[in-house]
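What follows is a short report on a single structure.
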Amino acid sequence: MFPYLFKRLLLIIPTFFGITLITFLIIQLAPGNPVSLKIQQLGGEGIRSETISKEVIEQTKKLYGLDKPLGVQYVLWVKKIVTLDFGDSYKDHRPVIKKIGEALPITLTLNIVSILIIYLVAIPLGLFSATRPNSRIDQLTTLFFFILYSLPAFWVAMLLIMFLGGGEYLDLFPVVGILSRGSEQLSFFGKIGNMLWHLVLPVTALTVGGFAFMARFWRAQVLEVIRQDYIRTARAKGLPERIVVWKHAVRNALIPMVTLMGSLLPAMIGGSVIVEQIFTIPGMGKLGFEAVLSRDYPTVMALAAIEALLTLVGILLSDLLYVAIDPRISFEGKA
Amino acid sequence: MKTVSYKSVVWQQFKRNRLALAGLVFVLCLVGIALLAPWLSPYSPTEYDLSSILLPPSTHHFLGTDEEGRDVLSRMIHGSRISLSVGFVAVSIYVSIGILLGALAGYFGGLIDIVISRLTEVMLCFPTFFLILTVLAFIGPSLYNIMIVIGITGWTGIARLVRGEFLKLRHQDFVTAAEATGASSLRLIFFHILPNSLAPVLVSATFGISSAILVESSLSFLGFGVQPPTASWGEILSQSRDFIDIAWWLTFFPGLAIFMTITAYNLVGEGLRDAIDPRLKV
Amino acid sequence: MEPLLKVENLKTYFLTSRETIKAVDDVSFTLNRGETLGIVGESGSGKSVTALSLLRLVSPPGKIVGGRILFQGEDIMTLPEETVRQLRGRRMAMVFQEPMTALNPVFTVANQICEGVKLHQQLSGTARVIHPRDEKVIELLKLVGIPDPERVSKSYPHEISGGMRQRVMIAMALAGNPDLLIADEPTTALDVTIQAQVLELLKELQKKLKMALLLITHDFGVIAETVERVIVMQQGKIVEEATTLELFRKPEHPYTKKLLEMIPRWAG
Ligand SMILES: Nc1ncnc2c1ncn2[C@@H]1O[C@H](COP(=O)(O)OP(=O)(O)OP(=O)(O)O)[C@@H](O)[C@H]1O
Ligand SMILES: [Mg+2]
Chain A
1 MFPYLFKRLL
11 LIIPTFFGIT
21 LITFLIIQLA
31 PGNPVSLKIQ
41 QLGGEGIRSE
51 TISKEVIEQT
61 KKLYGLDKPL
71 GVQYVLWVKK
81 IVTLDFGDSY
91 KDHRPVIKKI
101 GEALPITLTL
111 NIVSILIIYL
121 VAIPLGLFSA
131 TRPNSRIDQL
141 TTLFFFILYS
151 LPAFWVAMLL
161 IMFLGGGEYL
171 DLFPVVGILS
181 RGSEQLSFFG
191 KIGNMLWHLV
201 LPVTALTVGG
211 FAFMARFWRA
221 QVLEVIRQDY
231 IRTARAKGLP
241 ERIVVWKHAV
251 RNALIPMVTL
261 MGSLLPAMIG
271 GSVIVEQIFT
281 IPGMGKLGFE
291 AVLSRDYPTV
301 MALAAIEALL
311 TLVGILLSDL
321 LYVAIDPRIS
331 FEGKA
Chain B
1 MKTVSYKSVV
11 WQQFKRNRLA
21 LAGLVFVLCL
31 VGIALLAPWL
41 SPYSPTEYDL
51 SSILLPPSTH
61 HFLGTDEEGR
71 DVLSRMIHGS
81 RISLSVGFVA
91 VSIYVSIGIL
101 LGALAGYFGG
111 LIDIVISRLT
121 EVMLCFPTFF
131 LILTVLAFIG
141 PSLYNIMIVI
151 GITGWTGIAR
161 LVRGEFLKLR
171 HQDFVTAAEA
181 TGASSLRLIF
191 FHILPNSLAP
201 VLVSATFGIS
211 SAILVESSLS
221 FLGFGVQPPT
231 ASWGEILSQS
241 RDFIDIAWWL
251 TFFPGLAIFM
261 TITAYNLVGE
271 GLRDAIDPRL
281 KV
Chain C
1 MEPLLKVENL
11 KTYFLTSRET
21 IKAVDDVSFT
31 LNRGETLGIV
41 GESGSGKSVT
51 ALSLLRLVSP
61 PGKIVGGRIL
71 FQGEDIMTLP
81 EETVRQLRGR
91 RMAMVFQEPM
101 TALNPVFTVA
111 NQICEGVKLH
121 QQLSGTARVI
131 HPRDEKVIEL
141 LKLVGIPDPE
151 RVSKSYPHEI
161 SGGMRQRVMI
171 AMALAGNPDL
181 LIADEPTTAL
191 DVTIQAQVLE
201 LLKELQKKLK
211 MALLLITHDF
221 GVIAETVERV
231 IVMQQGKIVE
241 EATTLELFRK
251 PEHPYTKKLL
261 EMIPRWAG
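Structure follows, in structure tokens:
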């Protein structure tokens, strides 16, 4: 097992550096000099821009290492990544890692809740549909999944706000943030409840597409497995249909689903930019969007790196899970 | 001769799928609307009319007006041009890149394959939407930039697909035969192997158009799309956020247009896939 | 004496949107207790579909559209699904052609045999205490001639050889002490030497356990050595029925003659 793990980890290294390099180049080569932006900001705070001395510009350059050659900047940056030191935000001068540390748990909660719901709903529904292939009800659910699948998340979010979040119609759920004002005085469970209440709409918006994707994928998977010879064998043994489906079919169909989970979480985190923006949730997506808007390079670079790292970890985890749940693949065999 | 009959077989199969056919008709109508936009729209999409601000749908303004008094229907008709062109151009760009890289990797193998496969993996790890957003923030949001950025970030799927097809076809008899007659690598790649691996690419590209349209509208929604006063569906939706309490039509219609267009492309994609090979993993 | 199995005018069709494939078209035959019957025919002649029909396991678009299947006096066609299910494995068991794909890749051999044993014990009311299941699994594996049953029982299907897998399939089929064992080309996927061993095993078990055996094959060599009586199928119909000896002495139907000519000189 360990040689396999080791090899797998080694393979991750070049990919990770590829990612950091590309991010770095994109950001560095793009027009829009942070130094000039910094100066403008200072100007806005009262100092007329002509009066800014060369000294100040030089200082700013030094502060961010922008006077060094690109190669050196890159090496310095990668060195910092390894120690999780992403520098200070250009915007509020707080350490980037702190800001990410605050945002990440929120995004993770949002997305893990969404993924749980996606799996919990998609699996029984997809199974229900797949075990009645081409029946009226199967056709209806398939169509339903298809429609959900094509719904843009941000439109769903807007409709939810309009109908349930105090738009034109009902006002059942909050649409801003993850806790009500004054919720600090609530008990622990009160806080959890308050948070869940806030999560209803954003989680719904996030799950709609993912759920439909998963249900469709899962249905196709079950249909594929149900045609296999071993299902016929199981039936020929006289096993009740319940066991044929839930043991023999589901266990096999789950294998690719588990693999998918590893890449799903990072993909969803990447995709939660809009939903976080709409519902003003202070997670990674909103942080990233605002950093991009204000050209807060250290934050943008850190986010890209961390999200890529998450993707890599996700892929690694799903590889390991895959080996764990599919007896045909052994660590020894892969190593 | 073989390809002609293959195409007609696929078309026969495709025609049997009524939903897919409906999707295709919808797409064609949309193309018609986009081409004829200036003649079809009842009002100017950009001219302000301060006497008719935020009017609900009526016989004068079928889909209502926005906060500048512009006719929503006219803006949406013009907006269809943005969605469709982004879809087509961005996907054309990345299909070209994907085919090129996939073909090189699958045909030559070895070091070239290793390098291209690593690059694909790196790109796959990127939080794509965030990356697009970042790049657009720096090079400035415009229609062309959106097309280019989606184009250069979206090629990984196609590259993998083409690489797989090439690996499969590379050593088949018809290729070996052509090789024996002294055909050059270029000829082999483009005249012998590529035509036989295009079917799954076509399916994937169709789905790609729908996701490019989604990305464009998301970008416009966030203010990173085409700049005002040009109309795009995502941009109308984005404006509507401020009036969600009072002007439902601003939210509802553009979203519906995006949704229906995406659905139509997905239907066509599914129909194509089922006609070509239902078990295709695209 | 009432025959164990009596099939009358069985028709199983595949009803696709474009055409109707008459996979089994008006087939009748009987099989007595403890008897061995072979079904031969070329690929696509409807042998497998006949076998699956007996267990009512034909999956859509296939459908049994007519005829009767009397098994121990009961018409399988009219029984409720639940009754047919209890009959499967316990009174009528089946061994399939491809031992690789017919075993579930993600469960151990013991697990898969155990299911049958458990079901059988539940339905026959045999207390678990008297027959511990693990022992029963090992016993079955020994019965089908597996040399190291402990190891094999803990293996996954991909970890054992093709011949072993087919033995496991047979063990699985025997778990319910069936009265009728249907073997659908049990040796086609195996090497010649292993083929002979598995056939030998089937013959032996059939005698020892006094089961009836319905052996499906396209190989007359297999027929000659294993069964007493033969049915020849062509395009879903029975074209000839005879004892094995008669069939080889003087085949009546031209199709049978043709099939016989195609086999290599098997008996020298
Ligand atoms: N799922 C199906 N859909 C449509 N037709 C089918 C299906 N399964 C079997 N058939 C048809 O039924 C006929 C009989 O098939 P069957 O599997 O019984 O043949 P067989 O005699 O067992 O052949 P083999 O020796 O190849 O196993 C074939 O002509 C086949 O076309
Ligand atoms: Mg068969």
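Residue numbers (the numbering used here), protein chains in the order written: chain A, 1 to 335; chain B, 1 to 282; chain C, 1 to 268. C-beta: ideal position from N, C-alpha, C; glycine also.
Residue state for residue 265 of chain B is assigned as helix, using DSSP reduced to three classes.
Listed along chain C are 85, 86, 87, 88, 89, 90, 116, 119 and 176, each with a C-beta nearer than 8 Å to that of residue 238 of chain A. Sorting B:197, B:84, B:219 and B:176 by C-alpha distance to the C-alpha of residue 140 of chain B places B:219 at the top.
Within 10 angstroms of the beta-carbon of residue 161 of chain C lie fewer than 16 other beta-carbons, which makes it exposed. In this structure, residue 157 of chain C sits away from residue 80 of chain C, with a CB-CB distance that is not shorter than 8 Å.
In this structure, ligand 1 has no non-hydrogen atom nearer than 7 Å to the beta-carbon of residue 113 of chain A.
Here the C-alpha atom of residue 201 of chain C lies approximately 7 Å from the C-alpha atom of residue 144 of chain C. Contact between residue 280 of chain A and residue 200 of chain A is absent: CB atoms are separated by about 15 Å, not below the 8 Å threshold.
With respect to the C-alpha of residue 89 of chain A, the residue from A:312, A:171 and A:297 having the closest C-alpha is A:297. Within chain A, the residues 15 have their CB atoms less than 7 Å from the CB of residue 121 of chain B, given in chain order.
When the alpha-carbon of residue 100 of chain C is set against those of C:52, C:189, C:18 and C:49, the nearest one is in C:189. With a cutoff of 8 Å on beta-carbon distance, residue 158 of chain B and residue 86 of chain B are scored as not near each other. Residues of chain A with a Cβ closer than 7 Å to the Cβ of residue 220 of chain C do not exist; the shortest Cβ-Cβ separation is about 26 Å. Against chain B, the beta carbon of residue 150 of chain A has neighbours under 7 Å at 259, 262, 263 and 266, listed in chain order. Within the segment 155-167 of chain A, the residues whose Cβ lies closer than 8 Å to some Cβ of chain B are 155, 158, 159, 161, 162, 166 and 167, listed in chain order. Pairing residue 13 of chain B with residue 7 of chain B, the inter-Cα distance amounts to about 10 Å. Here residue 136 of chain C is buried: its Cβ has 16 or more other Cβ atoms, across all protein chains shown, within 10 Å. Taken from the Cβ of residue 229 of chain A, every heavy atom of ligand 2 lies 7 Å or farther away. Assignment of residue 183 of chain C by DSSP, reduced to helix, strand and coil, places it in the strand class. Pairing residue 88 of chain C with residue 55 of chain C gives a Cβ-Cβ distance under 8 Å. Around the Cβ of residue 192 of chain A, a 10 Å sphere holds fewer than 16 other Cβ atoms; the residue is exposed. The Cβ atoms of residue 184 of chain C and residue 40 of chain C do not sit closer than 8 Å to each other. A distance criterion of 7 Å places the beta-carbon of residue 47 of chain C in contact range of ligand 2, judged by its closest non-hydrogen atom. For residue 72 of chain A, the number of other beta carbons within 10 angstroms of its own is below 16, and it is reported as exposed. When C-beta atoms of the segment 148-155 of chain C are compared with those of the segment 318-325 of chain A, fewer than three pairs fall below 8 Å, so the two segments do not count as touching. DSSP places residue 138 of chain A in the uninterrupted alpha helix (DSSP H) bounded by 136-149.
Interface criterion met: the Cβ of residue 244 of chain B is under 8 Å from a Cβ in chain A. Here DSSP, grouped into helix, strand and coil, assigns residue 223 of chain B to coil. Taking all protein chains shown into account, residue 65 of chain B has 16 or more neighbouring C-beta atoms within 10 Å of its C-beta and is therefore buried.
Around the beta carbon of residue 178 of chain A, a 10 Å sphere encloses 16 or more other beta carbons of the protein chains shown; the residue is thus reported as buried. In the DSSP annotation of this structure, the continuous segment of the alpha helix (DSSP H) that includes residue 221 of chain A starts and ends at 188-226. Below the 8 Å Cβ cutoff, chain B contributes 129 as neighbours of residue 271 of chain A, in chain order. Set against 7 Å, the gap from the CB of residue 120 of chain C to the closest heavy atom of ligand 1 is not smaller.
Taking 8 Å as the cut-off, the beta carbon of residue 7 of chain C is found closer than this to the beta carbon of residue 27 of chain C. Scanning the segment 137-169 of chain B from its first residue to its last, the whole alpha helix (DSSP H) runs of 4-plus residues come out as 143-153 and 156-169. Annotated as distal: residue 254 of chain A and residue 12 of chain A, with beta-carbon spacing of 8 Å or more.
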